[in-house]
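Report on the structure given below.
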Amino acid sequence: MSLLALTILFPLIGFVLLAAGRNKLPEMVAAIIGVGAVGLSALSALLAGINFINSGAAVQTVHLWTWFSAGNLAPGITLHLDGLSLLMMGMVTGVGFLIHIFASWYMRGEEDFARFFSYFNLFVASMLVLVLADNFALLFLGWEGVGLCSYLLIGYYYQNPSNGLAAIKAFTVTRVGDVFLLIAMFLLYQQFGTLHIATIVETAADVMSKSSSLTIWTALMLFLGAAGKSAQIPLQTWLADAMAGPTPVSALIHAATMVTAGVYLTSRAFTVFEMAPEVLQFIAITGAVTLLVAGFAALVQTDIKRILAYSTMSQLGYMFMAVGSEAYQAGLFHMLAHAFFKALLFLSSGAVILAYHHEQNIFKMGGLAKKNPFLFACFAIGGGALAAIPFITIGFFSKDAILGAVWVQGQATAPIYASLYWVGVAGAFLTSIYTFRLIWVVFFGVEKTPYHAIKGASYWAPLAILAVLSTGLTYFLIQPVKNILTSAKIPAFNIPEALEAGAHAAEYTAVGVALAGLVVGIVLFAVAYNSVKAFANTSFGAGLVNICRNAFGFDALYNIVFVKPYLLLAKIIGRDPIEGFWLVLPAIVRGGHKFSSSRQTGSLREYASSMALGLVVLLMILIVIQIVGK
Numbered sequence: 044m045s046l047l048a049l050t051i052l053f054p055l056i057g058f059v060l061l062a063a064g065r066n067k068l069p070e071m072v073a074a075i076i077g078v079g080a081v082g083l084s085a086l087s088a089l090l091a092g093i094n095f096i097n098s099g100a101a102v103q104t105v106h107l108w109t110w111f112s113a114g115n116l117a118p119g120i121t122l123h124l125d126g127l128s129l130l131m132m133g134m135v136t137g138v139g140f141l142i143h144i145f146a147s148w149y150m151r152g153e154e155d156f157a158r159f160f161s162y163f164n165l166f167v168a169s170m171l172v173l174v175l176a177d178n179f180a181l182l183f184l185g186w187e188g189v190g191l192c193s194y195l196l197i198g199y200y201y202q203n204p205s206n207g208l209a210a211i212k213a214f215t216v217t218r219v220g221d222v223f224l225l226i227a228m229f230l231l232y233q234q235f236g237t238l239h240i241a242t243i244v245e246t247a248a249d250v251m252s253k254s255s256s257l258t259i260w261t262a263l264m265l266f267l268g269a270a271g272k273s274a275q276i277p278l279q280t281w282l283a284d285a286m287a288g289p290t291p292v293s294a295l296i297h298a299a300t301m302v303t304a305g306v307y308l309t310s311r312a313f314t315v316f317e318m319a320p321e322v323l324q325f326i327a328i329t330g331a332v333t334l335l336v337a338g339f340a341a342l343v344q345t346d347i348k349r350i351l352a353y354s355t356m357s358q359l360g361y362m363f364m365a366v367g368s369e370a371y372q373a374g375l376f377h378m379l380a381h382a383f384f385k386a387l388l389f390l391s392s393g394a395v396i397l398a399y400h401h402e403q404n405i406f407k408m409g410g411l412a413k414k415n416p417f418l419f420a421c422f423a424i425g426g427g428a429l430a431a432i433p434f435i436t437i438g439f440f441s442k443d444a445i446l447g448a449v450w451v452q453g454q455a456t457a458p459i460y461a462s463l464y465w466v467g468v469a470g471a472f473l474t475s476i477y478t479f480r481l482i483w484v485v486f487f488g489v490e491k492t493p494y495h496a497i498k499g500a501s502y503w504a505p506l507a508i509l510a511v512l513s514t515g516l517t518y519f520l521i522q523p524v525k526n527i528l529t530s531a532k533i534p535a536f537n538i539p540e541a542l543e544a545g546a547h548a549a550e551y552t553a554v555g556v557a558l559a560g561l562v563v564g565i566v567l568f569a570v571a572y573n574s575v576k577a578f579a580n581t582s583f584g585a586g587l588v589n590i591c592r593n594a595f596g597f598d599a600l601y602n603i604v605f606v607k608p609y610l611l612l613a614k615i616i617g618r619d620p621i622e623g624f625w626l627v628l629p630a631i632v633r634g635g636h637k638f639s640s641s642r643q644t645g646s647l648r649e650y651a652s653s654m655a656l657g658l659v660v661l662l663m664i665l666i667v668i669q670i671v672g673k
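Heads up: take any position in the sequence shown, counting from 1, add 43, and you land on my numbering.
This is the structure we're talking about:
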């Protein structure tokens with residue numbers, strides 16, 4: 044059997060075994076099946092990658108069977124391996140395997156241990172279907188699969204109603220994006236007569252009319268579908284509430300699977316977007332607005348996981364800025380870098396939460412650097428990569444390449460990109476501030492919650508590997524990633540020779556501003572924190588904090604505009620007004636029957652009176668008719 048098929052088959056088998064066994068399986072057996080299935084998948088992906096490279100990066104297609112046939116549409120269960128799908132497959136299985144190892148430690152002693160890993164395995168399998176699909180129909184199957192698994196895992200602790208609501212919210216909001224993606228698929232089939240991805244990508248310039256209304260609508264629907272999965276404004280509200288699930292779930296969603304799907308989709312279908320430059324600008328603007336909103340929101344959160352969730356939203360904004368600026372390779376490399384350091388941060392936060400007896404409020408922590416230097420080092424490396432500390436972290440090599448490309452587009456194509464560059468720089472400034480705040484509050488100061496020692500190889504080994512991958516040592520990955528993406532015909536961003544010096548200056552400016560943000564963070568939270576608290580207690584400061592904490596009120600707005608009207612409509616329809624209308628006739632008959640029955644008294648006097656009254660009424664009617672007739 045093909046190695047590509049095995050990468051999907053192993054986690055699917057794990058899912059079936061774990062789902063069938065459920066609570067009957069011992070915890071150790073469930074862990075071996077769950078972790079082992081993804082480990083075998085990662086090994087298959089590694090061997091497939093080696094074969095791909097040894098074959099000279101030749102595209103590989105594995106047709107398993109035809110899914111269905113309807114007229115001229117006959118999508119197959121067909122797997123496609125090129126440089127882009129290899130990158131995604133390696134990221135999903137590699138980082139996913141490390142997260143599974145950590146989860147086997149983190150979830151120990153939890154109820155429904157096997158159920159958790161069954162969902163976890165299905166999540167990885169669904170994401171692999173998505174990134175290896177050679178047609179949009181199969182891609183959509185994986186797309187819906189990760190949506191289903193996110194619902195199951197976010198609501199894993201379903202006994203708490205708020206967790207169930209968070210799962211429903213994630214499922215519902217991302218379904219809105221899925222509808223847009225379906226519309227895009229219909230439009231693509233209308234124009235190309237196929238859903239085969241490679242055919243669409245290769246012939247887009249010949250089939251589509253540049254900047255025509257149909258082309259713009261197709262590209263826009265495709266992007267809105269991606270925005271739902273990747274939590275971009277206006278479909279971003281689900282991501283912060285997704286923290287209701289166990290911390291390894293947050294790591295898998297944010298680092299290796301669901302939220303990266305939108306970036307993959309837009310990069311895969313880049314030729315469609317290039318036929319609609321207006322949509323590319325819209326994508327870049329959306330990414331810039333999202334990263335700024337998320338940055339302000341992260342600045343005032345108190346839940347350690349929500350801070351990281353908003354930081355994910357912000358980093359995804361950078362990736363979409365890259366796509367909108369046609370710097371696809373830079374955006375995809377930042378996606379890979381983000382997978383490393385965000386998995387490190389989330390898994391480290393999970394260890395912190397367990398060390399503090401499931402406490403998630405950062406202001407109830409403190410002093411952890413002395414208690415657990417290893418965990419502090421992991422968090423510092425991950426935070427440094429998030430803030431793009433120059434040269435020593437992977438984040439520097441990925442994020443600043445994006446900002447340099449955005450600046451170049453501002454000089455070469457449209458002035459709007461120049462403004463977006465400064466938005467990105469402002470986002471870098473905010474990132475440094477909230478990252479330092481997070482690390483300082485959790486790891487320094489006075490210990491406010493008793494520390495519980497944590498240990499185990501399945502805890503520290505994944506963190507150690509991810510920590511190394513988040514440092515500047517992974518600089519050596521840049522060129523191989525460029526090579527495999529180029530082999531997949533994902534274009535590199537070419538900087539005109541006249542703008543090279545300016546692009547480097549723009550990158551250095553971004554680095555300088557990020558470092559300035561770090562200094563500001565030190566001043567605000569390590570030196571003058573009392574002044575910060577005093578400002579936050581003023582009416583103006585409290586108002587700003589409230590706006591940022593609620594992420595500029597998108598949830599409240601959607602609640603007014605969509606949720607409450609929907610619930611009101613559901614309440615009205617729930618009473619079935621149509622059925623109520625048809626019940627009027629039986630009510631009239633019953634009323635007439637009741638009135639007639641009440642007149643049957645058996646009294647001759649009442650009968651005679653009634654007959655006389657009826658006779659009088661008839662005579663009056665006849666008189667009126669006669670008068671009207673004259």
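The C-beta atom is built at its ideal place from N, Cα and C for all residues, glycine as well.
Query	Result
Residue environment, Gly425, which counts as buried when at least 16 other CB atoms sit within 10 Å	buried
For Trp450, three-class secondary structure by DSSP	helix
Euclidean distance between Cα positions of Leu90 and Gly188	25 Å
Neighbourhood of Asp284 by C-beta distance below 6 Å, restricted to the same chain and skipping five residues each side	Ala209, Lys212
Test item: CB-CB of Ser357 and Leu334 under 8 Å	yes
Any 3 or more C-beta pairs closer than 8 Å across the segment 119–136 and the segment 543–559	no
Cβ pair count under 8 Å reaching 3, the segment 295–305 against the segment 265–277	yes
Expected contact under 8 Å - CB spacing of Leu47 and Leu175 to nearest Å	6 Å
Boundaries of the alpha helix (DSSP H) in which Gln234 is found, first to last residue	204–235
8 Å Cβ cutoff met for Ile243 and Leu257	no
Nearest-angstrom Cα separation, counted from Tyr464 out to Phe439	16 Å
Residue of Leu429, Phe472, Leu375, Ala287 minimising C-alpha distance to Asn206	Ala287
Secondary structure of Gly198, DSSP reduced to three states	coil
Short Cβ contact (8 Å threshold) for His297 with Phe214	no
Residues that DSSP places opposite Gln643 in a beta bridge	According to DSSP, Gln643 bridges with nothing at all.
Burial state of Tyr518 (16 or more Cβ within 10 Å)	exposed
When Gly198, Tyr201, Trp260 are compared against Ala227, the one with the closest alpha-carbon	Trp260
Proximity of Ala557 and Ala448 at Cβ, strictly below 8 Å	no
Reference Leu191; option with closest CA among Asp177, Leu181, Ala180, Met170	Met170
Status (buried if at least 16 other CB within 10 Å, exposed otherwise) for Val604	exposed
Distance CB(Leu446)-CB(Gly467) smaller than 8 Å	yes
Every unbroken alpha helix (DSSP H) inside the segment 368–439 [4 residues or more]	371–398, 411–414, 416–429
Through-space distance from Pro608 to Ala651, alpha-carbon basis	59 Å
Local conformation of Thr517 per DSSP, three classes	helix
Extent of the continuous alpha helix (DSSP H) to which Gln103 belongs	Taken as a continuous stretch (DSSP letters only), Gln103 belongs to no alpha helix (DSSP H), being part of the beta strand (DSSP E) at 103–109.
Counterpart residues of Asp346 in DSSP-defined beta bridges	Asn404
Residue span of the beta strand (DSSP E) that contains Gly488, given as start and end	Premise fails: Gly488 is in no beta strand (DSSP E) and is neither H nor E.
Inter-stretch contact at 8 Å, needing at least 3 Cβ pairs: the segment 318–337 / the segment 571–590	no
Backbone CA spacing between Thr290 and Phe422 [nearest angstrom]	15 Å
Collapsed DSSP secondary structure at Asn537 in the structure displayed	coil
Nearest to Phe472 (by Cα), restricted to the options Phe597, Ala341, Lys576	Ala341
N-terminal and C-terminal residue of the beta strand (DSSP E) that Ile120 is part of	119–124
Entirely enclosed alpha helix (DSSP H) segments - the segment 532–609, minimum 4 residues	543–565, 572–579, 582–592, 597–601
Cβ neighbour criterion (16 or more within 10 Å) applied to Trp108	exposed
Backbone secondary structure at Asn178 - three-state DSSP	strand
Buried versus exposed call for Ser639 [16 or more other C-beta atoms within 10 Å across all chains shown]	exposed
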